[in-house]
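Student: Here's a structure for you.
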Amino acid sequence: MLYGAHVSSAGGIANAVDRGSEIGCDAIQIFTQSPRMWRPTDHTPEAVALFRERRAETGIQSVVCHALYLVNLASPDREIRKKSAGAMRATLETASAIGAEGVIFHVGSHLGDGLAAGVRRVVPAMRSLLELTTDDLWLLMENSAGPGATVGRSTEELERIYDRLDHHPRLGICLDSCHWFASGVDVTDPEALDAAIDGLDRQIGLDRLRCLHVNDSQTSLGSNRDRHESVGRGLMGDGISVFLRHPAFRDLPAILETPGPDSHGPDAAELARLRALGP
Ligand SMILES: [Zn+2]
Ligand SMILES: [Zn+2]
123 MLYGAHVSSA GGIANAVDRG SEIGCDAIQI FTQSPRMWRP TDHTPEAVAL FRERRAETGI
183 QSVVCHALYL VNLASPDREI RKKSAGAMRA TLETASAIGA EGVIFHVGSH LGDGLAAGVR
243 RVVPAMRSLL ELTTDDLWLL MENSAGPGAT VGRSTEELER IYDRLDHHPR LGICLDSCHW
303 FASGVDVTDP EALDAAIDGL DRQIGLDRLR CLHVNDSQTS LGSNRDRHES VGRGLMGDGI
363 SVFLRHPAFR DLPAILETPG PDSHGPDAAE LARLRALGP
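Using our numbering, the first residue of the sequence shown is number 123, and each one after it goes up by one.
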């Protein structure tokens, strides 16, 4: 398992590598631009080269990028879909330039007109984005906690999209422990977890699982609310080790997206705790 965290890329993306390395990461996740603004960040060739150089020097083994929070490829609003596709395109381009292994995104929300309509809108958008992927850079759908009209609240919903995209060879999955728990899968219970992972294997295939988000939850099993908590401090507590130690996850990056001690993200102590709880 490659232990890691979402780290800030403020002041230049190469800084993210150093921030991750300082707190003890083997893997990092970054935003390639401000996640709450549509306007893309222009990364100079020097910044990209520095990122690659720092990665090689620090020995960070895995890098994934997370798409903007604003992205909604399932939106009924054509303008939002267009902006979303443009933002995803920019993220994939930066991810490719810096040598990242995946771009993770939330499939989106149909905003009330139903899952089928949402899937119908997402599929063509994803098909054209998949053209920007390579053998080294995959597009990864993240499971959602399941509030409101989100698409991807279960592995069955992700399977629908996967099937509609004809099992595209560079389409994968990122599983978030907090989202799975909130959507009703008790990831701290070995039998429930086994059953859910068997389901994922049948529906999509474990070879498509490329990344984990390891977050504890502030809200209860099946609450459908997306509230991350620092590892060991939420309702999963040390039970999160059941999730971390599942043999299906052994070779994956395990990324913290937690508030951390001061709401500035995970620190070295939380990384150490993650390692202690993991395999
Ligand atoms: Zn996540
Ligand atoms: Zn979340």
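From the three backbone atoms N, C-alpha and C, an ideal C-beta is built for every residue, glycine too.
1) Within 8 angstroms of any Cβ in chain D, is that where the Cβ of PRO157 sits?
2) Look at the alpha carbon of ASP373 and the alpha carbon of GLY400, and state the distance between them as a whole number of angstroms.
3) What alpha helix (DSSP H) runs, 4 residues minimum, are completely inside the region 228 to 279?
4) Does the beta-carbon of SER352 have 16 or more other beta-carbons within 10 angstroms, so that it is buried, or is it exposed?
5) Just the Cα atoms here: how many angstroms apart are THR163 and LEU331?
6) Quick one, are the C-beta atoms of SER184 and SER197 less than 8 angstroms apart?
7) Going by beta-carbon coordinates alone, are LEU280 and ILE295 separated by less than 8 angstroms?
8) Restricting to Cα atoms, I'd like to know which of LEU251, ILE182, VAL245 and ASN337 is closest to ILE220.
9) Give the DSSP-derived three-state secondary structure of CYS296 in the structure shown.
10) What residue from PRO375, GLU201, LEU124 and ASP329 has the CA that sits closest to PRO291's CA?
11) Mind reading off the beta-carbon distance from GLY274 to MET263? Whole number of angstroms is fine, and I expect it under 8 angstroms.
12) If distances are taken between C-alpha atoms only, which option among GLY133, ALA222 and ALA149 comes closest to ARG397?
13) For the region 165 to 181 against the region 353 to 361, do three or more pairs of beta-carbon atoms, one drawn from each stretch, fall closer than 8 angstroms, so that the two count as touching?
14) List the DSSP bridge partners of ASP338.
15) Is any non-hydrogen atom of ligand 1 found closer than 7 angstroms to the C-beta of ASP298, if you look at the structure I gave you?
16) Which residues in the same chain as GLY98 place their Cβ atom closer than 7 angstroms to its Cβ, once the five residues preceding and following it in sequence are excluded?
17) Quick one: using the 10 Å Cβ neighbour count with 16 as the cut-off for buried, is ASP257 buried or exposed?
18) Please indicate yes or no: does the CB of GLU379 lie closer than 7 angstroms to some heavy atom of ligand 1?
19) Sorted by chain position, which residues of the same chain lie with C-beta nearer than 6 angstroms to GLN151's C-beta, five sequence neighbours on each side aside?
20) Using a Cβ-Cβ cut-off of 7 angstroms (strictly less than) and excluding sequence neighbours within five positions of PHE303, which residues of its own chain qualify?
21) Note the first and the last residue of the continuous alpha helix (DSSP H) segment covering LEU124.
22) Can you find a heavy atom of ligand 2 that lies under 7 angstroms from the Cβ of ALA267?
23) Based on the DSSP output, what are the partners of VAL186 in its beta bridges?
24) Hey, would you say ASN194 sits closer than 8 angstroms to SER250, going by beta carbons?
Tutor: Here's the rundown:
1) Protein chains in the displayed structure number just one, and chain D is not present.
2) 12 angstroms
3) 237 to 252
4) buried
5) 29 angstroms
6) no
7) yes
8) ILE182
9) strand
10) ASP329
11) 6 angstroms
12) ALA149
13) no
14) GLU351
15) yes
16) Within the shown structure, residues of the chain are numbered from 123 to 401, placing residue 98 beyond reach of any answer.
17) exposed
18) yes
19) HIS128, VAL186, HIS188 and ILE377
20) VAL309, SER339, LEU343 and MET358
21) Looking at the DSSP string, LEU124 is not in any alpha helix (DSSP H); the run it does join, the beta strand (DSSP E), is 124 to 128.
22) yes
23) GLN151 and GLY224
24) no
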